[in-house]
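Just so you know, numbering that gives the first Met the number 0 puts 47 at position 48 of the sequence shown, and the rest follows in order with no gaps. Just so you know, even glycine gets a beta-carbon here, dropped at the ideal spot from N, CA and C. On a predicted model such as this, the values are computed, not experimentally measured, just so you know. Contents: one structure, followed by commentary.
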Amino acid sequence: MLLQLNIQNFAIVRSLELEWHKGMTTITGETGAGKSIAIDALGLCLGARAVANVVRPNCTKAELTATFAINKNITAKNWLKNHDLMLDDECILRRVISAEGRSRAYINGSQVPLAQLKELGGLLLNIHGQHDHQLIVKNTEQRRMLDAYAGHHDLQNEVKYYYQQWHTLTKELDTLQQAKSEREAKKQLLQYQVRELDEFSLQADEFLQLEHDYKRHSNAQDILNQTLASLQILSEDEQFNVLDALRKCHDHMSALSGFDNELVNISSMISDALIQLEEANNDLRHYYDKLELDPEAFSLLEERYSLAVQLAKKHQIAPENLTQFHQTLSAELAAMSHDETRLENIYADIDLAKTNYQAAAEKLSNSRIKSAAALSKKITASMQELNMPHGQFNIAVKNDHADTISINGLDDIEFLVTLNPGQKLEAMNKVASGGELSRISLAMQVILAKKVVSPTLIFDEVDVGISGPTAAMVGEKLQQLAQNTQIICVTHLPQVACKGHQQMFVAKLTDGEHTETTVTELCEQARVQEIARLLAGNKISEHSLANAKELLAG
Numbered sequence: 000m001l002l003q004l005n006i007q008n009f010a011i012v013r014s015l016e017l018e019w020h021k022g023m024t025t026i027t028g029e030t031g032a033g034k035s036i037a038i039d040a041l042g043l044c045l046g047a048r049a050v051a052n053v054v055r056p057n058c059t060k061a062e063l064t065a066t067f068a069i070n071k072n073i074t075a076k077n078w079l080k081n082h083d084l085m086l087d088d089e090c091i092l093r094r095v096i097s098a099e100g101r102s103r104a105y106i107n108g109s110q111v112p113l114a115q116l117k118e119l120g121g122l123l124l125n126i127h128g129q130h131d132h133q134l135i136v137k138n139t140e141q142r143r144m145l146d147a148y149a150g151h152h153d154l155q156n157e158v159k160y161y162y163q164q165w166h167t168l169t170k171e172l173d174t175l176q177q178a179k180s181e182r183e184a185k186k187q188l189l190q191y192q193v194r195e196l197d198e199f200s201l202q203a204d205e206f207l208q209l210e211h212d213y214k215r216h217s218n219a220q221d222i223l224n225q226t227l228a229s230l231q232i233l234s235e236d237e238q239f240n241v242l243d244a245l246r247k248c249h250d251h252m253s254a255l256s257g258f259d260n261e262l263v264n265i266s267s268m269i270s271d272a273l274i275q276l277e278e279a280n281n282d283l284r285h286y287y288d289k290l291e292l293d294p295e296a297f298s299l300l301e302e303r304y305s306l307a308v309q310l311a312k313k314h315q316i317a318p319e320n321l322t323q324f325h326q327t328l329s330a331e332l333a334a335m336s337h338d339e340t341r342l343e344n345i346y347a348d349i350d351l352a353k354t355n356y357q358a359a360a361e362k363l364s365n366s367r368i369k370s371a372a373a374l375s376k377k378i379t380a381s382m383q384e385l386n387m388p389h390g391q392f393n394i395a396v397k398n399d400h401a402d403t404i405s406i407n408g409l410d411d412i413e414f415l416v417t418l419n420p421g422q423k424l425e426a427m428n429k430v431a432s433g434g435e436l437s438r439i440s441l442a443m444q445v446i447l448a449k450k451v452v453s454p455t456l457i458f459d460e461v462d463v464g465i466s467g468p469t470a471a472m473v474g475e476k477l478q479q480l481a482q483n484t485q486i487i488c489v490t491h492l493p494q495v496a497c498k499g500h501q502q503m504f505v506a507k508l509t510d511g512e513h514t515e516t517t518v519t520e521l522c523e524q525a526r527v528q529e530i531a532r533l534l535a536g537n538k539i540s541e542h543s544l545a546n547a548k549e550l551l552a553g
């Protein structure tokens, strides 16, 4: 339920803070005073599109805040909990719009995307505008209204699920078919490439070892010669070698260290160096003894190394990436084979999805037909109460395009009406006038409001084109509806205004330079004056005051 609306620097409103009560609130005022300004502000709090000119002239921003009680609104509370925006049993929606047209949205103090504000707003309040009757002649709106009355959301979701499944599969089929010829040519190339790489069968990290072995074998003679020369220098030259010389040096330093302690450390370092050189000499000797020149082995190694380099160059990759490239091509070839298998099997999947869709769509059609009959009777009765005594209403559910798959099912929905005896049922826009459409729309909205529960319903001049006894009946219907739902109604009809449990008056004030809209809650005496003004215009008489009191008393 709406508790409070705060408006700052919005259009011609400087500052307004409105308190709202349960039951029915009517809003009246002179033409052009801005009776719908609170509704427009609420619309922006609920996520409506904002433009720069909504900001009051010479102000930097407009700020709109709506506070709702949600202690009984389980759906809204669950939504807030799921989005980590729950505070307590009140919910505050806030919208800030800059003079440049930029907009920020907040829920319970946290900035949120506008889409979230709009989503939550739909759980808190519904606005029915004065032009809604223009929408009900459209088939899409007629289907939406019938489905809303039927409340068969599970059936709609089932149809939507199988439609999306079918749609996804048919798109996949199109993609597979379009790529078929291209895939054949590419498959032949891939088969050749993979076969060539399979035959070569380069193992992981093998190229690095090949490269190492190739360098070693191609320089084997140099390695052999230089290794032998190094052994001569280290230990095998009889005239002079490093190890013999170092041993003599160590013997001298060791003997002399007995005379001078400062030579002990030097002797120790020479000893360590001698040990290192002896180990190096032993390792070098072991390495040299293993060396051999094997032209045949080198020829095989050179051939495999060269082929690896050639294959890498052919595919424009580094040789060390050849194994990974081979795996990638193999996987791509396997995927192509999968596509061909998929192409063979997808037709069965599409047929199954279509069969499931048809079954779900038929269940939805049956539910629509059943609900259409019930809703047609209710709207017919309501039309006759709204001064259309011979009115008949019928909802036609047609599925002439049973082979056509649509996300909304198989049915075309059409609202048909007749207003005179002997007149056949025809589409509403061909038979009903604007005023009659407005009454039919209001009848639907009242019926749907009982079926589709919303904590707060706003009717923004939906009674345009209605007067007299019809207006009184509209007021009574809205008052009945207010027994279970908070109703806010912008009206110009005294028969409707008098049915409110609360009445607000909108006035426009100007000093010649500035204009400002004000909204005030009327006391009982002020309500009598306002109802009399609605009855008689600006010249209020004793008779109009008496009529006003009678209306309010009724």
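Whether residue i touches residue j by CB criterion (9 Å)
i: Ala586; j: Arg101; result: Given that the chain is displayed from residue 0 to residue 553, the structure contains no residue 586 and the question cannot be resolved.
i: Ile394; j: Gln155; result: no
i: Ala352; j: Tyr161; result: yes
i: Ile439; j: Met503; result: no
i: Pro294; j: Glu210; result: no
i: Thr24; j: His500; result: yes
i: Leu328; j: Val193; result: yes
i: Thr484; j: Leu447; result: no
i: Leu441; j: Phe458; result: yes
i: Trp19; j: Leu43; result: no
i: Glu195; j: Leu332; result: no
i: Val495; j: Leu480; result: no
i: Ala307; j: His216; result: no
i: Ile406; j: Lys21; result: no
i: Thr469; j: Asn386; result: yes
i: Asn125; j: Ser432; result: no
i: Val54; j: Ile96; result: yes
i: Leu1; j: Leu41; result: yes
i: Gly559; j: Lys450; result: The requested residue 559 does not occur in the structure, where the chain is confined to residues 0 to 553.
i: Cys90; j: Leu113; result: no
i: Asn428; j: Val111; result: no
i: Cys248; j: Ile274; result: no
Residues that residue i bridges to, as DSSP identifies them
i: Phe199; result: Its beta-bridge partners do not exist; DSSP assigns none.
i: Gly108; result: Per DSSP, none; premise fails for Gly108.
i: Glu425; result: Val416
i: Cys90; result: Phe67
i: Ile487; result: Thr24, Ile457
i: Ile555; result: Any answer about residue 555 is impossible in this case: the structure gives the chain only from 0 up to 553.
i: Ala496; result: Paired residues: none, contrary to the question.
i: Phe445; result: Per the sequence shown, the amino acid found at residue 445 is Val instead of Phe. Per DSSP, none; premise fails for Val445.
i: Lys507; result: Thr516
i: Leu1; result: Phe67
i: Glu343; result: According to DSSP, Glu343 bridges with nothing at all.
i: Ala395; result: Glu413
i: Asn77; result: In DSSP, Asn77 forms no bridge with anything.
i: Asn125; result: Leu456
i: Glu16; result: Asn5
i: Val50; result: Answer is none; Val50 lacks a bridge partner.
i: Gln478; result: Per DSSP, none; premise fails for Gln478.
i: Gln501; result: Thr24
Nearest-angstrom Cβ-Cβ length linking residue i and residue j, presumed shorter than 8 Å
i: Leu123; j: Ala61; result: That belief does not hold up - the Cβ atoms of Leu123 and Ala61 are roughly 21 Å apart, past 8 Å.
i: Leu245; j: Ala219; result: 31 Å between Cβ atoms; not a contact.
i: Ala104; j: Asp88; result: Not confirmed; about 21 Å, so no contact.
i: Val416; j: Gln391; result: 7 Å
i: Gly467; j: Cys497; result: At roughly 14 Å, the Cβ-Cβ gap does not stay under 8 Å, so Gly467 and Cys497 are not in contact.
i: Leu290; j: Thr226; result: 7 Å
i: Leu86; j: Asn72; result: Leu86 to Asn72, Cβ: 14 Å. No contact.
i: Ile345; j: Leu175; result: 7 Å
Heavy atom of the ligand SAH within 8 Å of residue i beta-carbon
i: Leu418; result: As far as ligands go, the structure on display features none, and thus does not contain the ligand SAH.
9 Å Cβ cutoff, residue i in contact with chain C
i: Gln220; result: Absent from the structure: chain C. Only one protein chain is present.
- Query: Would you call the stretch 5-12 and the stretch 509-521 touching, i.e. three or more CB-CB distances under 8 Å?
  - Reply: With the cut-off at 8 Å, the stretch 5-12 and the stretch 509-521 touch.
- Message: As an exercise, report each continuous beta strand (DSSP E) stretch of at least 3 residues that is fully enclosed by the stretch 267-337, in chain order.
- Response: For the stretch 267-337, not a single whole beta strand (DSSP E) run of length 3 or above is found.
- Counting Cβ pairs, one atom from each stretch, are 3 or more of them under 8 Å apart for the stretch 522-541 and the stretch 33-50? The stretch 522-541 and the stretch 33-50 do not touch, with fewer than 3 CB-CB distances between them shorter than 8 Å.
- Message: Does the contact criterion of 3 or more C-beta pairs under 8 Å hold for the stretch 253-263 versus the stretch 225-244?
- Response: In this structure the stretch 253-263 does not lie against the stretch 225-244, because fewer than three pairs of beta carbons, one per stretch, are closer than 8 Å.
- Query: Taking the runs of the alpha helix (DSSP H) that are 4 residues or longer, which of them lie wholly in the stretch 516-544?
  - Reply: Correct list: 523-535.
- Task: Would you mind listing the alpha helix (DSSP H) stretches within the stretch 147-226 that are 4+ residues and don't spill past its ends, in chain order?
- Result: Listed in chain order, the alpha helix (DSSP H) runs fully inside the stretch 147-226 are 152-177, 179-199, 205-217, counting runs of at least 4 residues.
- Inspect the CB distances between the stretch 476-496 and the stretch 19-34 and report whether three or more fall short of 8 Å. The stretch 476-496 vs the stretch 19-34: in contact.
- Message: Pairs of beta-carbons, one from the stretch 235-243 and one from the stretch 361-368, closer than 8 Å: are there three or more?
- Response: Taking 8 Å as the limit for Cβ pairs, the verdict is that the stretch 361-368 does not touch the stretch 235-243.
- Task: Would you check if the stretch 402-417 and the stretch 143-158 touch, i.e. whether three or more CB-CB distances between them fall below 8 Å?
- Result: Because the criterion of three Cβ pairs below 8 Å is met, the stretch 143-158 and the stretch 402-417 touch.
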